[in-house]
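Position 27 of the sequence shown, counted from 1, bears residue number 27 in the UniProt record's numbering, the numbering being contiguous throughout. To start, the structure itself, in structure tokens.
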Amino acid sequence: MILLFIFPLLFSLGTTLLFHYEACNSRLDIPPPHGLFPFMRSVAYSLSGLVFFLVSAPLHFVARRKVRGAGDMPPVVLIHGAQQHTGVWWPLRWWLKASGFTRVYCHAYTAGRRSMEQLGHVVNEALDEISDIYPNERPLLVGHSLGGLIIRLWLHSTDQPEISVLGGVTLGCPHRGSKTSKLFGKMKNGLDETMAYGSAFFVRFEAEERPATLPCMALYSRTDNIIHPEDAMIPPEKSGWKVRVTPPVSHMWLLCHPAICKMVVLTLRECLLANERKDASDNDVKKDS
């Protein structure tokens, strides 16, 4: 029983120490929070986030349930991170449904032997799965960690993605990789090497990436204990993504903190408003022509 507590505690201490080291050596004008109190708070958030991840695992199959029928709001597709499960979405699902987004679909996938380029197809798989229950509807995409990067990869590789989706939101996403990519061991597909901060893949990706043609927002915490350094969670300016900082929580707590869940809902509403304005502008142009 004691061992069941020691491992999560050691993991939380280790990842928080890595974050704290990065924070103390940050080159940013305003460095991330560091010091004794932020450190202890980060350990607490990290430990409770890990417990949340373990406890929510049995909800994986419940979260996969598809909600059929029409709704006032567009469908929302949630894409989890690497080595995660769909059960982690249950707090956000509750907030979404309470805010009118009643049709929420949690897509499950495994990184397996896929390359980074192949991971972009995960979005296509999700869209194919829900096309029969939400025909002729454009969903909103939300991704946590690697799930967020999958959304960005898909947007880059897809011609006119605005035809298929309304917008994208990421939570704690390694937009530029992470120094902790090898923390969970060697991966058969070499994803640990590709996901390294500033790797050749990200250098090439950023050089080739096209600006987003639909509303996209990156939400991140300055005390994320998994994605290091802080600027790894900020998309390049040329990508067309907007950035918003959340309350200072750990990587997993991004999925269950009430204020952050509300931020996600607000951001999705902003995506819808941006689409309405664009549609109105396009209609005005058509009338003038």
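Cβ coordinates follow ideal geometry from the N, Cα and C atoms, glycine included. Every value quoted in this text rests on a predicted model; they were computed, and no experiment measured them.
Item: Classification of Q84 by the beta-carbon crowding that lies within 10 angstroms, buried from 16 upward; Value: buried
Item: Residue(s) in a DSSP beta bridge with R244; Value: L219
Item: Start-to-end residues for the beta strand (DSSP E) that takes in I79; Value: V76 to I79
Item: G143 and T180 closer than 8 Å at C-beta; Value: no
Item: Per-residue DSSP class, three states only, for A126; Value: helix
Item: Under the three-state DSSP convention, the category C271 falls into; Value: helix
Item: DSSP three-state assignment for C106, whether helix, strand or coil; Value: strand
Item: Alpha helix (DSSP H) segment containing V165, residue limits; Value: No alpha helix (DSSP H) contains V165, which DSSP labels as neither H nor E.
Item: With 16 other Cβ atoms within 10 Å as the buried cut-off, status of S42; Value: buried
Item: Start and end residues, beta strand (DSSP E) containing G148; Value: First-last for G148: L146 to S157, but that is the alpha helix (DSSP H), not the beta strand (DSSP E).
Item: Three-state class that DSSP yields for A196 in the structure shown; Value: strand
Item: Inter-residue Cα distance where the pair is M252 and A207; Value: 30 Å
Item: Exposed unless 16 or more other CB atoms sit within 10 angstroms - verdict on M40; Value: exposed
Item: Separation of A232 from R204, as counted between CA atoms; Value: 15 Å
Item: Straight-line gap, H107 to W94 (C-alpha atoms, nearest Å); Value: 16 Å
Item: S131 to P139 span [Cα, whole Å]; Value: 10 Å
Item: Outcome for R277 when other beta-carbon atoms lying within 10 angstroms are tallied against a minimum of 16; Value: exposed
Item: Beta carbon of I79 nearer than 8 Å to that of I151; Value: yes
Item: Pairwise C-alpha distance: P248 and V104; Value: 26 Å
Item: For G143, three-class secondary structure by DSSP; Value: strand
Item: Rounded straight-line distance, which links the Cα of G120 to that of R113; Value: 13 Å
Item: Given I234 as reference, the closest of G172, R210, I133 and V265 once Cα atoms are compared; Value: G172
Item: Exposed unless 16 or more other CB atoms sit within 10 angstroms - verdict on F52; Value: buried
Item: C-beta contact flag for L127 and S164 at 8 Å; Value: yes
Item: L54 vs S12 beta-carbon contact at 8 Å; Value: no
Item: Three-state secondary structure assigned by DSSP to T213; Value: coil
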